[in-house]
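Add 46 to the 1-based position in the first sequence for this note's numbering, that's all there is to it.
A virtual CB, placed ideally from N, CA and C, is assigned to each residue, including glycine.
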Amino acid sequence: MKIDNLSPSPPQSSPAFIIAVLFQTACKDPLALDEKIYELRRDKLKQIEALGQQSYPRQYNFTHTIPDILAAYSEKTAEQLENPRVNVRVAGRIMAIRLMGKAGFAHLQQTGQRLQIYVKKDAVGEKGFELYKLLDLGDHIGVSGYLFRTRTGELTVHVEEITFLAKDLLPLPEKWHGLTDVELRYRQRYVDLIMNPEVREVFLKRSKLIQSFRRHLDSHGFVEVETPMMQPIAGGAVARPFITHHNTLDMDLFLRIAPELYLKRLTVGGLDRVYEINRNFRNEGLGWRWNPEFTMLEFYQAYANFKDVMDLTQSMIEQAVKDVTGGTKTKWGDQEIDWANWQRMTMREAIIYFWPESAGPKPQMSDFASQDSVKALVERFNAVHAHMAYDPNEPAGKTIANLFEAVAEEHLLQPTIIYEFPTAVSPLSKNKPDEPDWTERWEIFAGQMELANGFSELNDPEEQRRRFEQQLKERERGDQEAHQMDEDYIRALSYGMPPAGGVGVGVDRLAMLLTNSRTIRDVILFPLLRPEKAPGGEDSEGK
RNA sequence: GGGCGCGUAGCUCAGGUGGUAGAGCAAUGCCCUUUUAAGGCAUGGGUCGCAGGUUCGAAUCCUGCCGCGCUCACCA
């Protein structure tokens, strides 16, 4: 950092200045934080150095992790631990500490697990015990010693040497209630992870889920790729994009709303089986199922149709549920989802099946055929139900898709594949040979959420151009989410794309279902929040 | 964006129909060599989210703003 050396050098190295700067970044309200704790702990750090310890050492050679020790010795009796003695060197963060005169206990936490240590002055010596007394909750230490069982039977390290590893200068949340403030948990996820072991579990499961997907696709001959996150045209989905700007090229770019069109360009290029697991960005509302950036798995398989990739996706999810949870059933609030029991029905069948009795006789297949009969269905439904948005100028297919969401989505708790979507809402899907208004497209629903979306990929460049032109008309009609024209994509298709099935899977939403998380923010480490208020006023610098 | 709710010590929370704040944990000092939400004694810590207003007096009542949560609308 360059500072203006003409001005009288401000006391930038003074403790007060450093504290003020640190607090600005670390705390919700810098002025309210107990500065004394911070300063006291800095003093303790100096005293620790004076004892001959490094304040921020570079490594610690351990013989065991805490999980290692718990796994290997939890079942051993006191006698077994004494003969022969088990020597260990182990590191962790202090999560509880109890001093009793000339001896004391502490609990070290590592990898989400805890192990007790016993520090006796006779065993660690004068200096070692001085160090113990200078330790605070949250500090990192390493200890060497041997395992034993206390009077109450707890597996414990009898410490012979303590090595200081790093200081926690800010106080951890209360040990009993932990950190519960939702905002703080998201903003300071690092503290959340220290304090709440179940949070750690959620993200470990999320990681297993993605591993399982990768393993499944890799074993089926798929190649993982990365395609642009910044795109000149935001295509491949129906959504509003974020805009950003490249300075040197002086051009606006969109953060991608989907990787779809790039992945399909790759199938043109001969990557017959490709997938990507990465973020998409959609500039839309937030809610329990929506975060502006979310993680999507997309894959494409040449020579396969929508049915083939439907089967592959179902088996991939079934396998993932087993890999993540060890079983086939997961809790969803007070309900249970059975991942071994899937239903399949067409969108039209679903509307008929879930049609509310109060809305009169169930629709007939013929009711979906014309704009007028669809309109009549909407009117019957809206007469008895929460009002469903309806624009008489929109294509009938779009109305039917909306009607499906209004009628059926809330009933789709168990894994269900809905197939045959209207062409009007599926600009990238092949249509049914016998019913051009309908496409070979499906979506998977579970827990009242859309989880995945797949179809037979439209690979006829001229038909694709007509679909884009249709979308442009929707755009002119005021639909800001309608797809844009993408000439290069059409050019790619003009070189010949093999027939292919493609799929997108919402990773966050599946992670929600597998961890019983009722909001998407609980499966995203750092969900989007408004920025913290700029701390303090002019006098927030050292005073 | 609309509706509802919340914001008090580092953390978890009381209090409140107006008289300028409490507990537990955490912190500091002392005692305690097998404790475990260790214990005992003592101590420090807060512009009660921010800004206005009403009032002799506001953490409390009113208005606006900020942040968060739930919910509805739009969206995966």
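- M241 is not a Cβ neighbour of P217, given a cutoff of 7 Å.
- Between the alpha carbons of G184 and V132 lies a distance of about 27 Å.
- DSSP places L574 outside both helix and strand once states are collapsed to three, so it counts as coil.
- Y308 carries a helical assignment under DSSP once its states are collapsed to helix, strand and coil.
- Remark: C-beta atoms of L539 and Q510 approach each other more closely than 7 Å.
- Non-local beta-carbon contacts of W401 in its own chain, meaning distances under 7 Å to residues more than five positions away in sequence, involve K408, P409, V453 in chain order.
- Contact between the region 130-145 and the region 154-168 is present: 3 or more CB-CB pairs across the two stretches fall below 8 Å.
- V553 and I398 do not touch by the CB rule: their CB atoms are close to 32 Å apart, not below 8 Å.
- Straight-line measurement puts the Cα of H153 at about 54 Å from the Cα of I279.
- Taking D384 as the centre and dropping the five residues before and after it, the same chain places the C-beta of T374, K375, Q460 closer than 7 Å to its C-beta, in chain order.
- Here T290 has M276, D298, L299, F300, L301 as same chain residues with Cβ atoms under 8 Å from its own Cβ, once five neighbours each way along the sequence are excluded.
- Cβ-Cβ distances below 6 Å link G315 to nothing in the same chain once the five nearest sequence neighbours on each side are left out.
- In the DSSP secondary-structure assignment, Q162 is bridged to H153, T202.
- Nearest to P482 by alpha-carbon distance, out of T469, I490, L474, is T469.
- In this model, S404 and G493 are separated by some 24 Å (Cα to Cα).
- Less than 7 Å separates the beta-carbon of A366 from that of S258.
- Sequence-distant partners of G158 (beyond 5 residues in either direction) whose C-beta falls short of 7 Å from its own C-beta, in its chain, are P243, R246.
- Cβ neighbours of P473 within its own chain (closer than 6 Å, five residues either side excluded): R513, Q517, H529.
- In this structure N505 is buried. Its beta-carbon is surrounded by 16 or more other beta-carbon atoms within 10 angstroms.
- Closest in C-alpha terms to N562, from the list R335, K122, R197, comes R335.
- Out of Y119, M495, N499, the CA that lies nearest to the CA of E489 is found in N499.
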